[in-house]
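**Student:** Here it is: the structure, laid out below.
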Amino acid sequence: MSTCAIVGVNWGDEGKGRMVDLIASNYDIVVRYQGGNNAGHTVINEMGKFALNLIPSGIFRSGVVNVLGNGTVIDLEHLCGEIEHLRAAGVSVTPDNLKISDRAIIVFPFHKAQDEYEEARLKDAKYGSTKRGIAPVYSDKYQKKGVMMGELLLPEYLETRIKGILEWKNLTIAGVYGKEPFKLEDILAWTHRYGDILKHFVCDTGELLRDAHRNGKSILFEAQLGALRDIDLGIYPFTSSSSPLAAFAPIGAGVPDIRLDRVIGIVKAYSTCVGEGPFVAEQFGPEADRLREEGHEYGAATGRPRRVGPFDIPASMYGLKAQGATCVALTKLDTLSYMERIPVCTKYKLSDGTVTEMFPLTPFQYGAEPVIEYLDGWQTPISHIRRFEELPKAARDYVLYLEGALNCRIEYVSVGANRDEIIYR
35 MSTCAIVGVN WGDEGKGRMV DLIASNYDIV VRYQGGNNAG HTVINEMGKF ALNLIPSGIF
95 RSGVVNVLGN GTVIDLEHLC GEIEHLRAAG VSVTPDNLKI SDRAIIVFPF HKAQDEYEEA
155 RLKDAKYGST KRGIAPVYSD KYQKKGVMMG ELLLPEYLET RIKGILEWKN LTIAGVYGKE
215 PFKLEDILAW THRYGDILKH FVCDTGELLR DAHRNGKSIL FEAQLGALRD IDLGIYPFTS
275 SSSPLAAFAP IGAGVPDIRL DRVIGIVKAY STCVGEGPFV AEQFGPEADR LREEGHEYGA
335 ATGRPRRVGP FDIPASMYGL KAQGATCVAL TKLDTLSYME RIPVCTKYKL SDGTVTEMFP
395 LTPFQYGAEP VIEYLDGWQT PISHIRRFEE LPKAARDYVL YLEGALNCRI EYVSVGANRD
455 EIIYR
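Residue numbers for the sequence shown follow my numbering, beginning at 35 and rising by one.
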């Protein structure tokens, strides 16, 4: 019996899906415990290349049960499309290996519309939303205006709930944004079309997980995004609307009475960021363009070009503490193989001239500059290497430098996107 969380240390896009796919065979259950389809986990294995937005990355492992916990928000239409895409590629997705919490909240078309309307209203002050309705649906959840997946099993009750919520929601759609109100019959038709498919996957996943834990089954918790996008500890207000922290995993999975044995913090060998908000170590110009292309840094959910920069020690130290990581998985080391000198952001110089090793509150990051140190590059391919001792000395030195700076053991080193392109230390 063991429990482990795989979590992002930075702004997201660190390679969590790749690591979940790698070690999921060691676990009986994989649980997504927060977020929606606003971020993607890219997985490359013998079945192909996949960008998963909602379905846990353990779906490719035979015998593994995958769970969408009560902390997630479910776009019915998107999830049905994701299931169809996986099935078309030969991946088995059934009510036996995919379970959806009856307490997870539904993302409706009006949530996505409201997301778009608000970003358009904000103009240059926008938050960088994926426009997938995530902020509006979490807002509704905490206003007690959400609809739970379990309500799909009670058609008459469901219609009454949707009717009341839609009357309230249309006051905002029409009165604030001046847009056409949504029609009840359209929302009901959408709900029944996709909900009738997904209701067969719905169950009390909290009790399922407790039973599994009591019977000695192992559970892997999969986070979306990273610590710096956490609603409480991230770069607020440029955050997600949920908590990707490991401490929230048991809550978002519906089993707050289960404790984590291990937390694997995922960090990339350099920094990337999708969306708005301060990013002190960000690079621009030809250097950034080259790094972005070498790393194929485009959002898995949106296709947006990622902002890029050197490894950020202040941000990563902060993220590791927020996640309570017990070890680190370093991803995409191979991407840096073209560099003669590798920059690392070791400190921040704030706008008042103060130099700090700490990751400051969001407003203090504006105008801050990265303090950069350079390490030697190795300038040779490394994706074929499977033993740490066989890496070029400069590559080993880079990993050990980061390990010392982070004060947390790097147990995994990813040297490629494929499942087996990994070094265990």
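Every residue, glycine too, gets a C-beta built ideally from N, C-alpha and C.
#1: Would the C-beta of Y382 count as close to the ligand FAD, meaning under 6 Å from any of its heavy atoms?
#2: How is T128 classed by DSSP in three states: helix, strand or coil?
#3: In the DSSP output, what is P377 paired with across the bridge?
#4: When the Cα atoms are used, what is the spatial distance from D291 to F255?
#5: Is R166 helix, strand or coil by DSSP?
#6: Would you tell me roughly how many angstroms separate the C-alpha atoms of N87 and R121, rounded to the nearest one?
#7: At the level of alpha carbons, what is the spacing between W412 and Y304?
#8: So which of S276, R244, H247 has the shortest CA-CA distance to L259?
#9: What span of residues does the alpha helix (DSSP H) with H119 cover, start to end?
#10: What does the alpha-carbon distance come out to for the pair D245 and S371?
#11: Go ahead and pull the three-state DSSP assignment for M351.
#12: Any idea which residues DSSP pairs S135 with across the strands?
#13: If you check the beta carbons only, do A349 and I300 fall under 7 Å apart?
#14: Between which two residues does the alpha helix (DSSP H) carrying K213 extend?
#15: Please report the distance separating the alpha-carbon of D230 from that of E193.
#16: How many Å lie between V236 and K133 at the Cα?
#17: Sorted by chain position, which residues of the same chain lie with C-beta nearer than 8 Å to V127's C-beta, five sequence neighbours on each side aside?
#18: Just reading off the alpha helix (DSSP H) that I269 is part of, what are its end residues?
#19: Determine the extent of the beta strand (DSSP E) in which I458 is found, giving its start and end residues.
#20: Using the C-alpha atoms, what's the distance from F84 back to G70?
#21: Taking the alpha-carbon of D386 as reference, which of L267, P397, I376 has the nearest alpha-carbon?
#22: How many Å lie between D368 and P344 at the Cα?
#23: Out of P215, I207, L222, which has the shortest C-alpha to C-alpha gap to Y191?
#24: CB-CB under 7 Å to R469, same chain, minus the five flanking residues each way: which ones, in chain order?
#25: In whole angstroms, give me the CA-to-CA distance for S274 and G268.
#26: Between P415, T414, I416, F393, which has its C-alpha nearest V405's C-alpha?
#27: Report the three-state DSSP secondary structure of F94 (helix, strand or coil).
#28: Rounded to the nearest angstrom, what separates L232 and C114 at their Cα positions?
#29: Return the residue from the list I199, K217, V289 that minimises the CA-CA distance to T239.
#30: I need the straight-line Cα distance from L243 to P284, nearest angstrom please.
#31: Sort V98, N131, N72 by Cα distance to V107 and report the nearest one.
#32: Where does H418 fall in DSSP's three states?
#33: Would DSSP call K175 helix, strand or coil?
#34: Assuming V98 and D62 make a contact with CB atoms under 8 Å, what is their CB distance in whole Å?
#35: Rounded to whole angstroms, what's the CA-CA distance from Y228 to L110? Just pull it up for me.
#36: With respect to the alpha helix (DSSP H) encompassing I292, which residues constitute its N-terminal and C-terminal limits?
**Tutor:** Looking at the atomic coordinates:
#1: The ligand FAD is not among the ligands present in this structure, which contains no ligands whatsoever.
#2: The sequence position of residue 128 within the sequence shown is 94, counting from 1. Secondary structure of T128 (DSSP, three-state): coil.
#3: As a first step, residue 377 must be located in the sequence shown, where it is residue number 343. In the DSSP output, where bridge partners are listed per residue, P377 has Y408.
#4: In the sequence shown, counting from the first residue as 1, residue 291 sits at position 257. In the sequence shown, counting from the first residue as 1, residue 255 sits at position 221. Approximately 14 Å, taken between the alpha carbons.
#5: Taking the first residue of the sequence shown as position 1, residue 166 is located at position 132. Of the three classes helix, strand and coil, the one that applies to R166 here is coil, per DSSP.
#6: Against the sequence shown, residue 87 aligns to sequence position 53. Against the sequence shown, residue 121 aligns to sequence position 87. Straight-line Cα distance between these residues: approximately 15 Å.
#7: Residue 412 sits at position 378 when you count from the first residue of the sequence shown. Residue 304 sits at position 270 when you count from the first residue of the sequence shown. Annotation: W412 to Y304 spans about 15 Å, alpha carbon to alpha carbon.
#8: Locating residue 259 in the sequence shown gives position 225, counting from the first residue. When only C-alpha atoms are compared, the closest one is S276.
#9: For the purposes of this step, residue 119 is taken as residue 85 along the sequence shown, with counting starting at 1. From DSSP, the alpha helix (DSSP H) with H119 extends over 110-122.
#10: Position 211 of the sequence shown, counting from 1, holds the residue named residue 245. Position 337 of the sequence shown, counting from 1, holds the residue named residue 371. Across the structure, D245 and S371 are spaced so that their CA atoms are roughly 47 Å apart.
#11: By one-based count along the sequence shown, residue 351 stands at place 317. Here M351 sits in helix by DSSP.
#12: Taking the sequence shown and counting its residues from 1, the one referred to as residue 135 is at position 101. Secondary-structure assignment with DSSP links S135 through a beta bridge to C237.
#13: Locating residue 349 in the sequence shown gives position 315, where the first residue counts as 1. Locating residue 300 in the sequence shown gives position 266, where the first residue counts as 1. It is not a contact, given that the beta carbons lie outside the stated cut-off.
#14: The sequence position of residue 213 within the sequence shown is 179, counting from 1. No alpha helix (DSSP H) contains K213, which DSSP labels as neither H nor E.
#15: Here residue 230 is taken as the residue at index 196 of the sequence shown, counted from 1. Here residue 193 is taken as the residue at index 159 of the sequence shown, counted from 1. For D230 and E193, the gap between their C-alpha atoms comes out near 14 Å.
#16: Residue numbering aside, residue 236 sits at position 202 when the sequence shown is read from its first letter. Residue numbering aside, residue 133 sits at position 99 when the sequence shown is read from its first letter. Each residue's Cα considered, the two are about 6 Å apart.
#17: Here residue 127 is taken as the residue at index 93 of the sequence shown, counted from 1. Here the set comprises I89, I93, I117, L120, R121.
#18: Walking along the sequence shown from the start, residue 269 turns up at place 235. Premise fails: I269 is in no alpha helix (DSSP H) and is neither H nor E.
#19: Counting from 1 along the sequence shown, the entry for residue 458 is found at position 424. Checking the sequence shown, residue 458 turns out to be Tyr, not Ile. 456-458 is the span of the beta strand (DSSP E), which, as asked, contains Y458.
#20: Here the question's residue 70 lines up with position 36 in the sequence shown. Here the question's residue 84 lines up with position 50 in the sequence shown. A straight line joining the alpha-carbon of G70 with that of F84 spans about 17 Å.
#21: Your numbering for residue 386 matches position 352 in the sequence shown. Comparing C-alpha distances from D386 to each of L267, P397, I376 shows the shortest one belongs to P397.
#22: On the sequence shown, position 334 is the one that residue 368 refers to. On the sequence shown, position 310 is the one that residue 344 refers to. One C-alpha to the other measures close to 14 Å.
#23: The residue labelled residue 191 in the question sits at position 157 within the sequence shown. For the options P215, I207, L222, the alpha carbon positioned closest to that of Y191 is the one of L222.
#24: For the chain, the structure presents residues 35 to 459; residue 469 sits outside this window and is missing.
#25: Taking the first residue of the sequence shown as position 1, residue 274 is located at position 240. Taking the first residue of the sequence shown as position 1, residue 268 is located at position 234. Near 9 Å, if we compare the C-alpha coordinates of G268 and S274.
#26: Residue numbering aside, residue 405 sits at position 371 when the sequence shown is read from its first letter. For V405, the nearest C-alpha among the options comes from F393.
#27: Your numbering for residue 94 matches position 60 in the sequence shown. F94: helix per DSSP, three-state reduction.
#28: Here residue 232 is taken as the residue at index 198 of the sequence shown, counted from 1. Here residue 114 is taken as the residue at index 80 of the sequence shown, counted from 1. Looking at the two C-alpha atoms, the distance is approximately 7 Å.
#29: Locating residue 239 in the sequence shown gives position 205, where the first residue counts as 1. Of I199, K217, V289, the smallest CA-CA separation from T239 is found for V289.
#30: Start at 1 with the first residue of the sequence shown, and residue 243 comes out as number 209. Start at 1 with the first residue of the sequence shown, and residue 284 comes out as number 250. In a straight line, the C-alpha of L243 is about 10 Å away from that of P284.
#31: As a first step, residue 107 must be located in the sequence shown, where it is residue number 73. Residue N72 holds the alpha-carbon nearest to the alpha-carbon of V107 among V98, N131, N72.
#32: Counting from one through the sequence shown, the residue named residue 418 turns up at place 384. Correct three-state label for H418: coil.
#33: Translated into positions along the sequence shown, residue 175 becomes position 141. Annotated three-state conformation of K175 is helix, per DSSP.
#34: Residue numbering aside, residue 98 sits at position 64 when the sequence shown is read from its first letter. Residue numbering aside, residue 62 sits at position 28 when the sequence shown is read from its first letter. Right, their Cβ atoms sit about 7 Å apart.
#35: Working through the sequence shown from its first residue, we reach residue 228 at position 194. Working through the sequence shown from its first residue, we reach residue 110 at position 76. Whole-angstrom Cα-Cα distance: 6 Å.
#36: Residue numbering aside, residue 292 sits at position 258 when the sequence shown is read from its first letter. Note, I292: premise wrong, no alpha helix (DSSP H); not H, not E.
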